[in-house]
Amino acid sequence: MKKYILKLVASVALLLASTSSVFAIPMLEITGQIDFTGAGSITLNSSNTAVTIIDFSSIAVDPSATDGVFTSAVGQPVTFIDPFAVSAPAPNLWSVGDFWFDLTSIVSNQVVTSGSISFALVHGTGTIYGNGYNPTSGQWIFSTQSSNGFTGGQFSFSSTTVPEPATLAILGLGLVGFGAARRRKQAQK
Numbered sequence: 007m008k009k010y011i012l013k014l015v016a017s018v019a020l021l022l023a024s025t026s027s028v029f030a031i032p033m034l035e036i037t038g039q040i041d042f043t044g045a046g047s048i049t050l051n052s053s054n055t056a057v058t059i060i061d062f063s064s065i066a067v068d069p070s071a072t073d074g075v076f077t078s079a080v081g082q083p084v085t086f087i088d089p090f091a092v093s094a095p096a097p098n099l100w101s102v103g104d105f106w107f108d109l110t111s112i113v114s115n116q117v118v119t120s121g122s123i124s125f126a127l128v129h130g131t132g133t134i135y136g137n138g139y140n141p142t143s144g145q146w147i148f149s150t151q152s153s154n155g156f157t158g159g160q161f162s163f164s165s166t167t168v169p170e171p172a173t174l175a176i177l178g179l180g181l182v183g184f185g186a187a188r189r190r191k192q193a194q195k
């Protein structure tokens, strides 16, 4: 019994030590979505299948589609790399209020034309930062459509937080350790 209690105490201590960074800094998690609207133009590659440059003429936070902690950014000025040569990494791709986004990779970049309508989509991943918040994995999606070329068109783009599974993974490993210790004890009987 004494060995079992010692193993239990050691496992709990290991679990707490491995998650100490979570408990040491009392910061909030970034949750929610922030949507931007704007206007400008995009430049396509020579085969018109991907976006190479996004040039903004105006950008604002869309209050009707923004939620979570990002509601504090509504009405704040937005800055964006302008013009943005679509490539990663792109530190500080956008910032508004106390939040900013570092783009680390481009997941997809495509332009699709159907009849007289063209649709452009650029999707990337990175990290969202906020003063007083833990850095959070996020994604950035830029989209626009046009029936007469992409110059002076309306844009919409958003960033969304992506849940961080590390804490759950560490907890799961701790539970696996408990299970292994119990099986070992039962096998010794």
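Numbering-wise (the numbering used here), the sequence shown opens with residue 7 and increments by one. Just so it is clear, CB atoms sit at the ideal spot from N, CA and C, and this is done for glycine as well.
Annotation for Thr-110: the continuous beta strand (DSSP E) segment containing it runs 105–120. For Thr-72, no beta strand (DSSP E) segment is defined, and its DSSP state is neither H nor E. The continuous beta strand (DSSP E) containing Thr-133 extends over residues 123–136. Gly-130 and Ile-40 have their C-alpha atoms spaced approximately 15 Å apart. The residues Val-118, Gln-151, in chain order, have a CB closer than 6 Å to that of Phe-125 in the same chain once the five nearest residues on each side in sequence are set aside.
In this chain, the beta strand (DSSP E) harbouring Asp-41 covers 39–50.
The Cβ-Cβ distance between Ala-79 and Gly-44 does not fall below 9 Å. Gly-144: member of the beta strand (DSSP E) spanning 142–152, first to last residue. Less than 9 Å separates the beta-carbon of Phe-105 from that of Ile-134.
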